[in-house]
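Chains as they are written, first to last, in our numbering: chain A, 1 to 240; chain B, 241 to 480.
Each residue gets a CB set at the ideal place from its N, CA and C atoms; glycine is no exception.
Here the structure is a predicted model, which is why all the values come from computation and not from measurement.
Since the structure comes first, as structure tokens, the remarks are kept for the end.
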DNA sequence: TATGCACGTCAATGGTGTTGACGTAAGGTC
DNA sequence: GACCTTACGTCAACACCATTGACGTGCATA
């Protein structure tokens, strides 16, 4: 196979497409993100991306080895953006809450890329920086090392797992997404008290609660339980 | 459009395919599950499934409206298998722990299918039964309805999110999995204390802890925090 | 034994990612 | 300004994919 991808650094000959666009790795990543944002995950295909760029679809392969490489580039971009503007306050619980919610929110903005990114360890600079920051928050707060590590692990995995989980719902084709919402009302709303008494009794509450992500509350529970494990634990109820 | 799917209950005329197979919803689900397990999630296509069944690929559409409906059936099958043999003990915390760990374990046994299925709401019988059971555990334990619903939501989403997260790691091709573990040691094990002091200080602990899933500990934290929200809350430390 | 229709089959449609060949025009050199 | 070299945009083609409508066989029922 001919090596068709030239590393971004050594690119020199930029040549406009028939429609006048001048391609670059950066332009492609930004266009792809915009495409996903505006028209949903399903809109991201090589042909549509080519159309959006104003270029032949296969021009993409001069910049990325395949679509997976493109999606990893998107993912890297996301991780970077999630940390922009964040600074520690010194309150470990508020800091972890902010980091968790930011990561979650940023991933939700690009569900398709999030689905791929959340399950992978990249070892790239953005990722190591977040890890360092979380450990810093926990150790500075006075958690002993072994406990800090365990809490870090649960916290990070939970943030990424929920990010992927909620992204998956957003990344669903519109038809399937509508169907799922419908399933909740049609199926769960009509289960008879005889066979499913607890669902029947709480259905309105259920329907209301399931509309939003379970992550914020799960995060609060994790933080509250972690607080009770602190060597100088004080009364620190959920949500504090 | 002609309605082509006949509900499983009212099926009567079974007719062997050219290759002699007698199709059924159950056979299709089991074959699909086997296909995904043996050859990965990418192997699940209508054509390949037809070949594995010994039938014309489009015969599938006599049993499922589309591939998404099949996927939901797979998901529900996994949920069902996770519950086989479970019974309530009356100790809400032990019961939820058991349900969570069972779900997680069952999905890990079928990583490829778990990846596809863990994000979906099926509305099928196995799913509604778990939902009913979890709500029963919480309400019987004395949690008020609104709290029971919120805890249920966080608990279920956490279990499924972690199931998908950990399944993703298992589902990677062995080569890629080894490579990722290697990258982790190479990158995180060599970060200089100057730029990443907290990672450098805790690396041995980190490396040991990250080998296993973060779910069991995250689940304990959730249960411990939920216990403090109980109207008759007693001292109930993590892991009790 | 007769009959209606369930369902397995086939052909076709319009999508997808990806590859190899080709030629044009851009950059460097003189 | 002329000449090479080659990067890279384009094109055609391939092998898949899910899904559809039409068709007729042969089964279950009456």
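Straight-line Cα distance separating residue j from residue i
i: residue 260 of chain B; j: residue 296 of chain B; result: 11 Å
i: residue 400 of chain B; j: residue 54 of chain A; result: 41 Å
i: residue 1 of chain A; j: residue 61 of chain A; result: Interpretation of residue 1 of chain A is limited by its pLDDT of 44, a score under 50 that renders its predicted location unreliable; no figure is taken from the coordinates.
i: residue 377 of chain B; j: residue 440 of chain B; result: 44 Å
i: residue 263 of chain B; j: residue 278 of chain B; result: 21 Å
i: residue 135 of chain A; j: residue 458 of chain B; result: 17 Å
i: residue 479 of chain B; j: residue 212 of chain A; result: 29 Å
i: residue 233 of chain A; j: residue 143 of chain A; result: 10 Å
i: residue 246 of chain B; j: residue 381 of chain B; result: 42 Å
i: residue 447 of chain B; j: residue 156 of chain A; result: 15 Å
i: residue 460 of chain B; j: residue 333 of chain B; result: 9 Å
i: residue 406 of chain B; j: residue 45 of chain A; result: 28 Å
i: residue 158 of chain A; j: residue 125 of chain A; result: 21 Å
i: residue 321 of chain B; j: residue 339 of chain B; result: 12 Å
i: residue 83 of chain A; j: residue 123 of chain A; result: 16 Å
i: residue 454 of chain B; j: residue 162 of chain A; result: 13 Å
i: residue 216 of chain A; j: residue 190 of chain A; result: 29 Å
i: residue 466 of chain B; j: residue 225 of chain A; result: 9 Å
i: residue 133 of chain A; j: residue 438 of chain B; result: 8 Å
i: residue 343 of chain B; j: residue 319 of chain B; result: 7 Å
i: residue 409 of chain B; j: residue 470 of chain B; result: 35 Å
i: residue 417 of chain B; j: residue 411 of chain B; result: 9 Å
i: residue 164 of chain A; j: residue 394 of chain B; result: 15 Å
i: residue 112 of chain A; j: residue 42 of chain A; result: 8 Å
i: residue 181 of chain A; j: residue 110 of chain A; result: 21 Å
Min CB distance residue i to chain B below 7 Å
i: residue 162 of chain A; result: yes
i: residue 89 of chain A; result: no
i: residue 105 of chain A; result: no
i: residue 196 of chain A; result: yes
i: residue 79 of chain A; result: no
i: residue 165 of chain A; result: yes
i: residue 209 of chain A; result: yes
i: residue 199 of chain A; result: yes
i: residue 187 of chain A; result: yes
i: residue 217 of chain A; result: yes
i: residue 71 of chain A; result: no
i: residue 222 of chain A; result: yes
i: residue 214 of chain A; result: yes
i: residue 178 of chain A; result: no
Extent of the continuous alpha helix (DSSP H) to which residue i belongs
i: residue 153 of chain A; result: 145-171
i: residue 37 of chain A; result: 25-39
i: residue 126 of chain A; result: 125-140
i: residue 86 of chain A; result: That residue, residue 86 of chain A, is in no alpha helix (DSSP H); it is neither H nor E in DSSP.
i: residue 520 of chain B; result: Coverage of chain B is limited to positions 241 through 480, which leaves residue 520 of chain B absent and any answer about it impossible.
i: residue 288 of chain B; result: 286-293
i: residue 460 of chain B; result: 455-469
i: residue 352 of chain B; result: 351-357
Residue-chain proximity (residue i, chain A), Cβ-Cβ < 7 Å
i: residue 257 of chain B; result: no
i: residue 332 of chain B; result: no
i: residue 241 of chain B; result: Because the pLDDT at residue 241 of chain B is just 43, under 50, the model does not fix this residue reliably, and the point stays unresolved.
i: residue 326 of chain B; result: no
i: residue 201 of chain B; result: Because residue 201 of chain B is not part of the residues shown, which for chain B are 241 to 480, the question remains open.
i: residue 399 of chain B; result: no
i: residue 410 of chain B; result: no
i: residue 335 of chain B; result: no
i: residue 465 of chain B; result: yes
i: residue 423 of chain B; result: yes
i: residue 473 of chain B; result: no
i: residue 307 of chain B; result: no
i: residue 341 of chain B; result: no
Residue i Cβ short of 6 Å to the ligand GDP heavy atom set
i: residue 282 of chain B; result: Absent from the structure shown: the ligand GDP. Ligands present: none.
Exercise for review: Scan the stretch 112-139 of chain A for residues whose Cβ lies nearer than 8 Å to a Cβ of chain B and list them as they occur along the chain.
Suggested key: Listed in sequence order: 118, 119, 120, 121, 123, 128, 131, 132, 135, 136 and 139.
Point to revise | Contact between the stretch 68-75 of chain A and the stretch 101-117 of chain A (3+ Cβ pairs under 8 Å) | key: With the cut-off at 8 Å, the stretch 68-75 of chain A and the stretch 101-117 of chain A touch.
**Study point:** Residues in the stretch 382-395 of chain B having any Cβ partner in chain A nearer than 9 Å
**Key:** Those residues of the stretch 382-395 of chain B that come within reach of chain A (Cβ to Cβ, closer than 9 Å) are 385, 386, 388, 389, 390, 391, 392, 393, 394 and 395.
Check your understanding: Relative to chain A, which residues along the stretch 261-285 of chain B have a C-beta separation below 8 Å, given in chain order?
Key -> Sequence-ordered contacts of the stretch 261-285 of chain B with chain A are nonexistent [C-beta pairs closer than 8 Å].
Check your understanding: Within the chosen definition, does the stretch 83-91 of chain A reach the stretch 387-403 of chain B through at least 3 CB pairs nearer than 8 Å?
Key -> As far as the Cβ criterion goes, the stretch 83-91 of chain A does not touch the stretch 387-403 of chain B, which means the pair count is below three.
Point to revise | Touch test, the stretch 303-311 of chain B against the stretch 417-429 of chain B, Cβ-Cβ under 8 Å, three pairs minimum | key: Taking one beta carbon from each stretch, the stretch 303-311 of chain B and the stretch 417-429 of chain B have fewer than 3 pairs nearer than 8 Å; the two do not touch.
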